[in-house]
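> Quick one: the structure is below, questions incoming.
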Amino acid sequence: MRKFFLFVLTLIASIGLLSACDEADVEKVDNEEENTEQNDEDKEEKLSIGDTVMFDDLKITLNEVRIEEGGEFDEPEEDQFIVANLTIENEGDDEENISSIMNIELKDDEGYSYTTTILTEGTKGQLDGAIEPGGKMKGEIPFDVPESDSYELHFADPFASGKAVWDIPNDALE
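The sequence shown begins at 4 in our numbering and counts up by one.
In structure tokens, the structure reads:
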């Protein structure tokens with residue numbers, strides 16, 4: 004009887020979690036004039052360094068991407084550290100939580116995915132925490148990656164489908 008009760012409870016919890024999943028509204032923001040119309044082509048469009056995207060109620064800008072040398076205690080296990088500098092603004096009515104580990108990944112030109120790493124020198128601010136309605140967060144995320152001809156920075160909500168993708172050619176790294 005206890006196993007049956009646990010099975011029913013697990014089934015109800017799973018259905019609740021799946022019903023909470025949704026599709027994210029991702030739309031590139033025209034920096035000169037905001038365009039609120041969205042179509043399927045916008046969802047597939049790749050972004051460049053400096054571009055801004057509306058991801059649901061979050062306005063996200065990839066400000067810069069650069070190579071960092073590291074410091075006395077920081078040596079890359081791969082070939083280099085790449086640091087992404089982002090600004091996220093909450094234009095919604097509810098507080099939004101950002102996690103560099105859960106929301107952001109970097110992919111190389113072979114499709115391998117990398118999550119944030121620890122870099123004690125050469126970065127300013129974290130990109131983790133809560134952003135109140137109307138608030139802004141700016142921070143940097145380090146990645147330990149092999150050399151590649153290009154990279155892609157992906158921002159996604161783990162509880163919704165859809166993502167924003169910025170193209171980063173190797174020659175754009177500062």
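Even glycine gets a Cβ: it sits at the ideal position worked out from N, Cα and C.
Small disclaimer: the values here were computed from a predicted structure and weren't measured.
#1: Cα-Cα, which of F146, M140, F162, A163 is closest to E155?
#2: Checking 8 Å against the spacing of the C-beta atoms, do V148 and E81 come in under that value?
#3: Going straight from the alpha carbon of S51 to that of F76, what length do you get?
#4: I'd like the ranges of any beta strand (DSSP E) spanning at least 3 consecutive residues and lying wholly in the stretch 105-176.
#5: Going by C-alpha distance, which of Q83, P161, E150 is nearest E189?
#6: Nearest by alpha-carbon distance to V168: which of L176, F162, F158 is it?
#7: Look at the alpha carbon of E99 and the alpha carbon of A133, and state the distance between them as a whole number of angstroms.
#8: Have a look at L61 and I171 and give me their C-alpha separation to the nearest angstrom.
#9: In chain order, what are the residue ranges of uninterrupted alpha helix (DSSP H) at least 4 long that sit wholly in the stretch 67-112?
In short, the structure shows the following:
#1: Position 152 of the sequence shown holds residue 155. Of the candidates F146, M140, F162, A163, F146 places its Cα closest to the Cα of E155.
#2: Position 145 of the sequence shown, counted from the first residue, corresponds to residue 148. Position 78 of the sequence shown, counted from the first residue, corresponds to residue 81. Cβ distance < 8 Å, so V148 and E81 count as in contact.
#3: By one-based count along the sequence shown, residue 51 stands at place 48. By one-based count along the sequence shown, residue 76 stands at place 73. The alpha-carbon of S51 is positioned some 32 Å away from that of F76.
#4: Entirely contained in the stretch 105-176, the beta strand (DSSP E) runs reaching 3 residues are, in chain order, 107-111, 132-134, 139-148, 153-159, 166-172.
#5: Here the chain covers residues 4 to 177 and nothing more, so residue 189 does not appear.
#6: By one-based count along the sequence shown, residue 168 stands at place 165. The candidate whose alpha carbon is nearest that of V168 is F158.
#7: Looking up residue 99 in the sequence shown gives position 96. Looking up residue 133 in the sequence shown gives position 130. Cα to Cα, E99 sits roughly 6 Å from A133.
#8: Here residue 61 refers to the residue found at position 58 of the sequence shown. Here residue 171 refers to the residue found at position 168 of the sequence shown. Whole-angstrom Cα-Cα distance: 21 Å.
#9: Listed in chain order, the complete alpha helix (DSSP H) runs (minimum 4 residues) inside the stretch 67-112 are 103-106.
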